[in-house]
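Just so you know, we're using full-length UniProt numbering here: the sequence shown kicks off at 1 and counts up by one. Cβ coordinates follow ideal geometry from the N, Cα and C atoms, glycine included. Below is one structure, written out as C-alpha cells; comments come after it.
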Amino acid sequence: MSDKQKLSVFKLAHLNLRSIFTGFQEFVDIVQRYFVNDEFFDENKRDVAFLFIEGQNEASDEWMTNGEWYEYAQQFNAILFEVEHRYFGKSRPTENVSVENMKYMSTEQALADLAEFVVAMNKEHNLAEDVKWIAFAGANYGAFLRLKYPHLIHGAVSSSAPMLAVVDFQDYFKNIAEVLNETDVNCLSALQAGTAQMAERLKDKAGATNLTSLFQLCTPLEEVMDNEDDISSFFSILSDNFAVVAQFNKANRLSSRNTPLANITLDTLCNIMTDVSKQEIDRLASVNSLMLNAFGETCIDYSYSTLLNDMRNETWEAALGGRQEFYQFCNEYGYFQTSTLEVGFGDIPLKWYLKQCTDIFGSQFNETFVNRAIERTNVNYGGLDIKVSNVAFVNGSKDPWRTLGITNSTDEDAPAIFIQGAAHDANMYPSTDKDLPQLTEARTKIRGLIQSWLNQ
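Right, here's the structure in full:
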C-alpha cells in the first residue's frame, strides 16, 4: 500500500545564471510532497517506475490506489510515484506567492524538479540501472518531460494535454456549445436565447434588478450595470455552470465522487434547458440554482473587485492556488476562455482577461508581455509540432480542450488516441462497467504502447 506523504529537497532555482558563473546555489527545503506505492513492484528486477505528475491541484493519495495507471502498474510490476507541482498544495518553496517569489514558478523549473526527483528515487529505491520510467499526466507535463529529459523518462501518457499555448482560447466555449448541441438539438439554441434575454435585461435598471433576484446575486446588478468588468465577470461565472459539467461529463472523476456534482451531467442541464414550460432565461436560472446548491453556496459574488481581492492574496491560505494558476496563464500559456453573446455564454472578451493580468500582477504583465510569453512557450516546446517519441497523446471528442491538443498523428512513435464521446482526462480515471466501448479500447491501446516501450 502507499506510504504516507514524503518530502523532497531541490534547488529553488534550477536554471540560475548567477549559480553558473559564481557557484552560488539557491537551495531551500522545498516542501514538495510525493507519494509512493510499491505493492506491485518486482523487488528482484526493480526496472519499471511510473510517475504521476500533479498539475494545478493538491496531490492526493487517492491516485495511489486508483486510476488506470494503477491498473497498468499491476500488470507491469511498477513502483508508483505521485509528485506535487511546486507552488501548489503543500509544496510551498517560498514565504508567499508574491510576484517576486513566483519568478521561480515556471514549466521549466517544474520539469527540472521532476528530473531531479527521478534521479533521487533511482538512488533511494535502488532501482535498476536500466529502469524505465513512464510518466502520466492530465496535462502537457508528461510530454514535455519526455521531450526535455529523454535520458530519464522512457515514455509518457499525455492525457487531454493542451500542447499549444494560445492567448485567445475562443474554441473552449465553442467546443462546449458544439457538445451541448450534440446532447440535444434544442439545448444550445435555448442557451443562446436565454443569454440574449439576459443581455436585453441588462439594458435598463428594472431588467438588471430582475436578474439580481433571478440569478441569486450577492451584489445588486443594477448598481454596476455600466461596469464592463463586472458584467464580464457575471457572464464568466454563469458560463462555468456549463463548463464544469461539460469538461468532465460522465467521467468517473475521483474528486467528484460522493458529491452532488457526481450526478450532474450534460443530460441533466439540457433537460432543464429544453423545458418548454419556462422561458429560456428562467431555465438558465434553474441551472444556476442547481449548481449553487451543488457547491453549497447561497448567492453568486460576481464582483470584479472581489475577484481582484481574492487573486491579489499572496498568502498560501488563498483558495486552491487560483493566483498561481492564473500567473501561469499570464506568464506562459494564455488559455483565456473568451466568448460572445452569439456563441451562447455572454460577452467575455480577451481584454477582460488581459486587464486581470495587469490588475493582479502589475503593469509589466501587459498585452505585449503576454503575447511574447505565449510565443516563447510554443518555441520552447513545439506546440502542436512537438517532436518527441514514446508519447501517447490521448484526447476525447467531448473535451473542450481538445483543439489545443494533438488529436491526429501519423507518427507511430507519438500516436494520437482520439476517443469518441469521451470528456477531459476520461482515460485516467478508474474503469467501470458503464465505460464507453471506445474508452475501454483506448485504455487497451495505451496498455499495448506501454508494453512496447518497456520492451525496447
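Requested in this report: Would you kindly work out how many angstroms separate the C-alpha atoms of T22 and D113, rounded to a whole number?
Outcome: Residue 22 sits at position 22 when you count from the first residue of the sequence shown. Residue 113 sits at position 113 when you count from the first residue of the sequence shown. Reliability of the predicted coordinates at T22 is poor, the pLDDT of 35 falling under 50, and the value obtained from them is presented with this limitation in mind. Rounded to the nearest angstrom, the two C-alpha atoms are 22 Å apart.
Query raised in the report: Going by beta carbon distance, what residues of the same chain come within less than 8 Å of D347, once the five residues before and after it are set aside?
Result: Position 347 of the sequence shown, counted from the first residue, corresponds to residue 347. Closer than 8 Å at the Cβ level, and outside the excluded window around D347, lie A199, I231, S232, F235, S339, T340, L341.
Query raised in the report: Among residues of its own chain, excluding the 5 on either side of N378, which ones have a beta-carbon nearer than 7 Å to its beta-carbon?
Result: Working through the sequence shown from its first residue, we reach residue 378 at position 378. So the qualifying residues of the chain are L164, A165.
Requested in this report: Examine the Cβ distances between the stretch 102 to 116 and the stretch 76 to 92 and report whether three or more of them are shorter than 8 Å.
Outcome: yes
Query - Exposure label - L132; buried when at least 16 CB within 10 Å - result: By one-based count along the sequence shown, residue 132 stands at place 132. One detail in the question is off: residue 132 reads as Lys in this sequence, not Leu. With 16 or more other Cβ atoms within 10 Å, it is buried.
Query - Continuous alpha helix (DSSP H) stretch holding N241: start and end - result: Taking the sequence shown and counting its residues from 1, one reaches residue 241 at position 241. 228 to 247 is the extent of the alpha helix (DSSP H) around N241.
Query raised in the report: Is there contact between the stretch 414 to 425 and the stretch 387 to 395, where contact requires at least three CB pairs shorter than 8 Å?
Result: yes
Query raised in the report: Closest to F345 by CA distance: which of Q197, Q32, H125 is it?
Result: Here residue 345 is taken as the residue at index 345 of the sequence shown, counted from 1. Selected option, being the one with the closest Cα: Q197.
Query raised in the report: Do L211 and the ligand MN come close, with the Cβ less than 7 Å from some heavy atom?
Result: This structure simply doesn't include the ligand MN, nor any ligand for that matter.
Query raised in the report: By Cβ distance, which residues of its chain are closer than 7 Å to A285, with the 5 residues on each side in sequence left out?
Result: In the sequence shown, residue 285 corresponds to position 285, counting from 1. Cβ neighbours of A285 beyond the five flanking positions: L214, F215.
Query raised in the report: Which full runs of the beta strand (DSSP E) of 3+ residues lie inside the stretch 344 to 417, going along the chain?
Result: 391 to 396
Query raised in the report: Just the Cα atoms here: how many angstroms apart are Y172 and A373?
Result: Taking the sequence shown and counting its residues from 1, one reaches residue 172 at position 172. Taking the sequence shown and counting its residues from 1, one reaches residue 373 at position 373. About 20 Å.
Report task. Take D204 as the anchor and find which of A177, S189, E222, S452 has the nearest alpha-carbon. Result -> On the sequence shown, position 204 is the one that residue 204 refers to. Of the candidates A177, S189, E222, S452, the one whose C-alpha sits nearest the C-alpha of D204 is E222.
Query raised in the report: Do you know offhand how far G55's Cα is from V83's?
Result: On the sequence shown, residue 55 is found 55 positions in, with the first residue counted as 1. On the sequence shown, residue 83 is found 83 positions in, with the first residue counted as 1. So the alpha carbons of these two residues sit roughly 9 Å apart.
Requested in this report: Locate the beta strand (DSSP E) running through G155, then write down its first and last residues.
Outcome: By one-based count along the sequence shown, residue 155 stands at place 155. In the DSSP assignment, G155 falls within the unbroken beta strand (DSSP E) covering 155 to 159.
Report task. Using three-state DSSP, classify residue 474 as helix, strand or coil. Result -> Past the boundaries of the shown model lies residue 474; the chain is included only from 1 to 456, so the question cannot be answered.
Query raised in the report: Is E297 helix, strand or coil by DSSP?
Result: Taking the sequence shown and counting its residues from 1, the one referred to as residue 297 is at position 297. Three-state DSSP puts E297 in coil, outside helix and strand.
Query raised in the report: Three-state secondary structure (DSSP) at A262?
Result: Residue mapping note: residue 262 aligns to position 262 of the sequence shown, counting from 1. Of the three classes helix, strand and coil, the one that applies to A262 here is helix, per DSSP.
Query raised in the report: Distance, Cα to Cα, I92 vs R33?
Result: Taking the first residue of the sequence shown as 1, we reach residue 92 at position 92. Taking the first residue of the sequence shown as 1, we reach residue 33 at position 33. Contrary to the premise, residue 92 reads as Arg rather than Ile in this sequence. One C-alpha to the other measures close to 9 Å.
Requested in this report: Look at the alpha carbon of F242 and the alpha carbon of P220, and state the distance between them as a whole number of angstroms.
Outcome: Taking the sequence shown and counting its residues from 1, one reaches residue 242 at position 242. Taking the sequence shown and counting its residues from 1, one reaches residue 220 at position 220. Cα to Cα, the separation comes out at about 23 Å.
**Report entry** Counted within 10 angstroms of its Cβ, other Cβ atoms place F295 as buried (16 or more) or exposed
**Finding:** Mapped onto the sequence shown, residue 295 falls at position 295. Classification of F295: exposed, given that the 10 Å Cβ count is below 16.
Query raised in the report: So what does DSSP say about T22, is it helix, strand or coil?
Result: Along the sequence shown, read from residue 1 onward, the residue named residue 22 stands at position 22. Summary for T22: the model assigns pLDDT 35, below 50, so the residue's position carries little reliability; its value from the coordinates is reported in the next sentence. Helix at T22.
Query raised in the report: To which residues of the same chain is W352 closer than 7 Å at the C-beta, ignoring the five residues directly before and after it?
Result: For the purposes of this step, residue 352 is taken as the residue at position 352 of the sequence shown. Only D229, S232 meet the Cβ criterion.
Query raised in the report: Where do the N-terminal and C-terminal ends of the alpha helix (DSSP H) with G142 fall, by residue?
Result: Residue mapping note: residue 142 aligns to position 142 of the sequence shown, counting from 1. Note, G142: alpha helix (DSSP H), 141 to 148.
Report task. Determine the contact status of E314 and S98, defining contact as a CB-CB distance below 8 Å. Result -> Translated into positions along the sequence shown, residue 314 becomes position 314. Translated into positions along the sequence shown, residue 98 becomes position 98. Yes. Within cutoff.
Requested in this report: Identify whether F169 lies in helix, strand or coil by the three-state DSSP scheme.
Outcome: Position 169 of the sequence shown, counted from the first residue, corresponds to residue 169. Residue state, collapsed to three classes: coil.
Query - Cβ-based neighbour list, A156, same chain, cut-off 6 Å, excluding 5 preceding and 5 following - result: As a working note, residue 156 is residue 156 in the sequence shown. Closer than 6 Å at Cβ, skipping near neighbours: A135, G142, A143, R146, V391.
Query - Spatial distance of F369 from N122 (CA atoms) - result: In the sequence shown, residue 369 corresponds to position 369, counting from 1. In the sequence shown, residue 122 corresponds to position 122, counting from 1. Taking the straight line joining both Cα atoms gives about 40 Å.
Report task. In angstroms with no decimal places, state the Cα-to-Cα distance between A73 and T94. Result -> In the sequence shown, counting from the first residue as 1, residue 73 sits at position 73. In the sequence shown, counting from the first residue as 1, residue 94 sits at position 94. If you take the alpha carbons of A73 and T94, they lie about 34 Å apart.
Query raised in the report: So, using beta-carbon positions, are A115 and N140 closer together than 8 Å?
Result: Locating residue 115 in the sequence shown gives position 115, where the first residue counts as 1. Locating residue 140 in the sequence shown gives position 140, where the first residue counts as 1. Not a contact, by the Cβ cut-off of 8 Å.
Query raised in the report: Using DSSP with H/G/I as helix, E/B as strand and the rest coil, what is A442?
Result: Looking up residue 442 in the sequence shown gives position 442. Residue state, collapsed to three classes: helix.
**Report entry** Best match in E58, K103, I153 for proximity to D47 [C-alpha to C-alpha]
**Finding:** Within the sequence shown, numbered from 1, the residue matching residue 47 stands at position 47. Of the listed residues, the one whose Cα sits closest to D47 is I153.
Query - Continuous beta strand (DSSP E) stretch holding G334: start and end - result: For the purposes of this step, residue 334 is taken as residue 334 along the sequence shown, with counting starting at 1. Note, G334: beta strand (DSSP E), 334 to 336.
Query raised in the report: Run through DSSP, which three-state label would S339 get?
Result: Within the sequence shown, numbered from 1, the residue matching residue 339 stands at position 339. Three-state DSSP puts S339 in a strand.
Report task. Could you have a look at E178 and say whether DSSP puts it in helix, strand or coil? Result -> For the purposes of this step, residue 178 is identified with residue 178 of the sequence shown, where counting begins at 1. Helix, per DSSP.
Query raised in the report: Between M102, A120, L127, which lies nearest to N77 when the distance is taken from Cα to Cα?
Result: Residue mapping note: residue 77 aligns to position 77 of the sequence shown, counting from 1. With distances taken between Cα atoms, N77 lies closest to L127.
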